[in-house]
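**Q**
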Amino acid sequence: MNPAKLSKAEVESILSTFKMKDTSSERVCKFLIKSSDVTSSELRACSGALNMSDLANRIINPKIESLGFFIACQSMAIPPKFRGSSNEVRLWSIFRESDFELEQLNKGETK
């Protein structure tokens, strides 16, 4: 699935969902708006959050799903090797719900 290409209006809509400014969830969204395919460690460094999945599922996605977006991670096709062992690296991006639903339909899957 490809990350969403956001218009200026969509960026403003996403950022307006955060009442308190400069929270870890807002910092994650700002970072993902500027860059897609961001590693968990990059997001932790910019936000201070330790558990990106928890932040995404409990705080960010419930706020932006009404706008038709969600953040999620995907595994790299070919993970890099770290110190001789292969570790799975997750890449985070903002996605459009309609793109996800279309992809699922094309695969013959349903939600």
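So the sequence shown is numbered by numbering that gives the first Met the number 0: it starts at 0 and just counts up by one. Glycine is no exception: its CB is placed at the ideal position from the N, C-alpha and C atoms. In this text, all values refer to a predicted model and were calculated from it rather than measured experimentally.
(1) Determine the direct distance from the alpha carbon of residue 26 to that of residue 46, and round the result to whole angstroms.
(2) With a 10 Å radius around its C-beta and 16 neighbouring C-beta atoms as the bar for buried, classify residue 42 as buried or exposed.
(3) Consult DSSP for residue 14 and reduce its assignment to one of helix, strand or coil.
(4) Mapping the DSSP letters down to three states, classify residue 65 as helix, strand or coil.
(5) Would you report the Cα separation of residue 68 and residue 96, rounded to the nearest angstrom?
(6) Using DSSP bridges, identify the partner residues of residue 38.
(7) For residue 70 versus residue 32, is the C-beta distance shorter than 8 Å?
(8) Output the boundary residues of the alpha helix (DSSP H) element that contains residue 51.
(9) Can you give the Cα-Cα distance for residue 75 and residue 40, rounded to whole angstroms?
(10) With a CB to CB cut of under 7 Å and the five nearest residues on each side skipped, what residues in its chain are close to residue 99?
**A** With the given structure in hand:
(1) Working through the sequence shown from its first residue, we reach residue 46 at position 47. Working through the sequence shown from its first residue, we reach residue 26 at position 27. Their backbone Cα atoms lie some 6 Å apart in a straight line.
(2) The residue labelled residue 42 in the question sits at position 43 within the sequence shown. With 16 or more other Cβ atoms within 10 Å, it is buried.
(3) As a working note, residue 14 is residue 15 in the sequence shown. In the structure shown, residue 14 sits in a helix (DSSP, three-state: H, G or I).
(4) Position 66 of the sequence shown, counted from the start, is the residue given in the question as residue 65. Reduced to three states, the DSSP call for residue 65 is helix.
(5) On the sequence shown, residue 68 is found 69 positions in, with the first residue counted as 1. On the sequence shown, residue 96 is found 97 positions in, with the first residue counted as 1. The straight-line gap from Cα to Cα measures roughly 5 Å.
(6) For the purposes of this step, residue 38 is identified with residue 39 of the sequence shown, where counting begins at 1. DSSP, once it has assigned bridges, lists 90 as partnering residue 38.
(7) Numbered from its first residue, the sequence shown carries residue 70 at position 71. Numbered from its first residue, the sequence shown carries residue 32 at position 33. Not a contact, by the Cβ cut-off of 8 Å.
(8) In the sequence shown, the residue the question calls residue 51 occupies position 52. It spans 51-54 - the alpha helix (DSSP H) in which residue 51 sits, taken as one unbroken run.
(9) Numbered from 1 along the sequence shown, position 76 holds the residue referred to as residue 75. Numbered from 1 along the sequence shown, position 41 holds the residue referred to as residue 40. Cα to Cα, residue 75 sits roughly 14 Å from residue 40.
(10) For the purposes of this step, residue 99 is taken as the residue at position 100 of the sequence shown. The answer, listed in chain order, is 0.
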